[in-house]
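Asker: Sharing a structure, written as C-alpha coordinates. Questions coming.
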Amino acid sequence: MTYNCDITEKEGKFIAQFPDMTNVLTYGSSKEEALEMAKDALDGVLSVDIENGFSIPDPKYNGGYAVEVSPKVAFAIELRKARAGNSLKDIAEKAGMTYQQYQRLENPRKTNPTLETLYKLQKVFNRPFLAL
2 MTYNCDITEK EGKFIAQFPD MTNVLTYGSS KEEALEMAKD ALDGVLSVDI
52 ENGFSIPDPK YNGGYAVEVS PKVAFAIELR KARAGNSLKD IAEKAGMTYQ
102 QYQRLENPRK TNPTLETLYK LQKVFNRPFL AL
(Lines of atoms letter the chains of each structure in order from A; the text may use other names.)
(Lines give C-alpha, C1' and ligand atoms only; values in the text may rest on other atoms or scores of the structure.)
Protein backbone atom coordinates (compact mmCIF):
# COMPACT_ATOMS: atom_id res chain seq x y z
CA MET A 2 0.00 0.00 0.00
CA THR A 3 1.43 3.33 -1.07
CA TYR A 4 0.40 6.94 -0.52
CA ASN A 5 2.01 9.76 -2.46
CA CYS A 6 3.20 13.01 -0.93
CA ASP A 7 4.19 16.37 -2.26
CA ILE A 8 7.39 18.01 -1.05
CA THR A 9 7.81 21.75 -1.21
CA GLU A 10 10.71 23.89 -0.04
CA LYS A 11 10.01 26.82 2.25
CA GLU A 12 12.61 28.79 4.16
CA GLY A 13 15.24 26.06 3.83
CA LYS A 14 12.90 23.28 5.02
CA PHE A 15 11.34 20.59 2.85
CA ILE A 16 7.69 20.13 3.78
CA ALA A 17 6.00 16.81 3.02
CA GLN A 18 2.23 16.51 2.92
CA PHE A 19 -0.17 13.87 1.65
CA PRO A 20 -3.18 15.03 -0.39
CA ASP A 21 -5.00 11.78 0.54
CA MET A 22 -4.14 12.15 4.26
CA THR A 23 -4.64 15.80 5.11
CA ASN A 24 -3.78 15.21 8.77
CA VAL A 25 -0.20 14.15 7.90
CA LEU A 26 2.35 16.94 7.60
CA THR A 27 6.06 16.84 8.36
CA TYR A 28 9.35 18.29 7.20
CA GLY A 29 13.06 17.67 6.88
CA SER A 30 16.23 19.60 6.12
CA SER A 31 16.51 17.79 2.76
CA LYS A 32 14.14 15.99 0.39
CA GLU A 33 15.55 12.65 1.54
CA GLU A 34 15.00 13.48 5.20
CA ALA A 35 11.51 14.82 4.44
CA LEU A 36 10.67 11.49 2.76
CA GLU A 37 11.96 9.52 5.78
CA MET A 38 9.94 11.71 8.12
CA ALA A 39 6.91 11.37 5.82
CA LYS A 40 7.03 7.57 6.11
CA ASP A 41 7.23 7.73 9.91
CA ALA A 42 4.44 10.30 10.10
CA LEU A 43 2.21 8.37 7.69
CA ASP A 44 2.65 5.08 9.57
CA GLY A 45 2.04 6.82 12.90
CA VAL A 46 -1.12 8.63 11.84
CA LEU A 47 -2.55 5.57 10.09
CA SER A 48 -1.87 3.43 13.19
CA VAL A 49 -3.59 5.90 15.50
CA ASP A 50 -6.51 6.37 13.11
CA ILE A 51 -7.01 2.59 12.91
CA GLU A 52 -6.86 2.21 16.70
CA ASN A 53 -9.43 4.97 17.11
CA GLY A 54 -11.78 3.50 14.51
CA PHE A 55 -11.45 6.38 12.05
CA SER A 56 -12.03 5.71 8.39
CA ILE A 57 -8.89 5.35 6.31
CA PRO A 58 -9.04 6.98 2.88
CA ASP A 59 -7.89 4.92 -0.08
CA PRO A 60 -4.75 6.25 -1.74
CA LYS A 61 -5.77 8.04 -4.95
CA TYR A 62 -3.21 10.78 -5.51
CA ASN A 63 -0.52 9.68 -7.99
CA GLY A 64 1.73 12.73 -8.12
CA GLY A 65 4.75 13.60 -6.04
CA TYR A 66 6.72 10.94 -4.20
CA ALA A 67 5.52 7.43 -3.38
CA VAL A 68 5.72 6.45 0.30
CA GLU A 69 5.12 2.82 1.17
CA VAL A 70 3.08 2.05 4.28
CA SER A 71 4.70 -0.46 6.65
CA PRO A 72 3.46 -4.04 6.15
CA LYS A 73 1.87 -4.23 9.61
CA VAL A 74 -0.12 -1.05 9.07
CA ALA A 75 -1.14 -2.05 5.54
CA PHE A 76 -2.23 -5.50 6.74
CA ALA A 77 -4.36 -4.04 9.54
CA ILE A 78 -6.01 -1.66 7.07
CA GLU A 79 -6.72 -4.39 4.52
CA LEU A 80 -8.06 -6.75 7.18
CA ARG A 81 -10.38 -4.08 8.54
CA LYS A 82 -11.62 -3.27 5.03
CA ALA A 83 -12.24 -6.96 4.34
CA ARG A 84 -14.24 -7.28 7.55
CA ALA A 85 -16.53 -4.45 6.37
CA GLY A 86 -19.71 -4.48 8.46
CA ASN A 87 -19.03 -7.77 10.23
CA SER A 88 -18.20 -7.76 13.91
CA LEU A 89 -14.81 -8.76 15.27
CA LYS A 90 -16.53 -11.57 17.15
CA ASP A 91 -18.19 -13.01 14.03
CA ILE A 92 -14.95 -13.03 12.04
CA ALA A 93 -13.01 -14.51 14.96
CA GLU A 94 -15.50 -17.37 15.23
CA LYS A 95 -15.37 -18.05 11.48
CA ALA A 96 -11.56 -18.11 11.62
CA GLY A 97 -11.51 -20.39 14.66
CA MET A 98 -9.79 -17.95 16.99
CA THR A 99 -10.70 -15.92 20.04
CA TYR A 100 -12.02 -12.39 19.83
CA GLN A 101 -8.79 -11.09 21.38
CA GLN A 102 -6.61 -12.94 18.87
CA TYR A 103 -8.51 -11.44 15.98
CA GLN A 104 -8.60 -8.00 17.59
CA ARG A 105 -4.77 -7.99 17.76
CA LEU A 106 -4.60 -8.67 14.02
CA GLU A 107 -6.40 -5.39 13.27
CA ASN A 108 -4.04 -3.46 15.55
CA PRO A 109 -0.94 -2.39 13.56
CA ARG A 110 1.15 -2.17 16.73
CA LYS A 111 0.34 -5.77 17.71
CA THR A 112 -0.32 -7.65 14.48
CA ASN A 113 2.08 -10.39 13.47
CA PRO A 114 0.07 -13.11 11.76
CA THR A 115 1.50 -16.54 11.18
CA LEU A 116 1.15 -18.25 7.80
CA GLU A 117 -1.50 -20.48 9.35
CA THR A 118 -3.47 -17.41 10.48
CA LEU A 119 -3.17 -15.84 7.02
CA TYR A 120 -4.46 -19.08 5.52
CA LYS A 121 -7.49 -19.06 7.84
CA LEU A 122 -8.25 -15.41 7.08
CA GLN A 123 -7.97 -15.98 3.35
CA LYS A 124 -10.59 -18.72 3.65
CA VAL A 125 -12.91 -16.55 5.77
CA PHE A 126 -12.71 -13.54 3.46
CA ASN A 127 -12.22 -15.50 0.24
CA ARG A 128 -9.33 -13.24 -0.79
CA PRO A 129 -5.54 -13.33 -0.53
CA PHE A 130 -3.70 -11.25 2.04
CA LEU A 131 -0.25 -12.43 1.06
CA ALA A 132 1.11 -12.81 -2.44
CA LEU A 133 4.38 -14.67 -2.80
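Going by the working numbering, the sequence shown wraps up at 133, each residue one higher than the last. Don't be surprised by glycine CBs; every beta carbon is placed ideally from N, CA and C.
From the DSSP output, in three-state form, read off residue 8 for me.
Answerer: Residue 8: strand per DSSP, three-state reduction.
Asker: Between the Cα of residue 76 and the Cα atoms of 12, 34, 7, 129, which residue gives the shortest distance?
Answerer: When each option's Cα is compared against that of residue 76, the closest is 129.
Asker: Compute the distance between the beta-carbons of residue 4 and residue 43, then report whether it is under 8 Å.
Answerer: Yes, they are a contact pair.
Asker: Can you give the Cα-Cα distance for residue 69 and residue 2, rounded to whole angstroms?
Answerer: Distance between the alpha carbons of residue 69 and residue 2 is about 6 Å.
Asker: Which residue from 9, 37, 14, 47 puts its Cα closest to that of residue 21?
Answerer: Measuring from the Cα of residue 21, the nearest candidate turns out to be 47.
Asker: Does the beta-carbon of residue 109 have 16 or more other beta-carbons within 10 angstroms, so that it is buried, or is it exposed?
Answerer: Its Cβ being crowded by 16 or more others within 10 Å, residue 109 is buried.
Asker: On the DSSP bridge list, what partners appear for residue 1?
Answerer: Any question about residue 1 goes unanswered here, given that the chain covers just 2 to 133.
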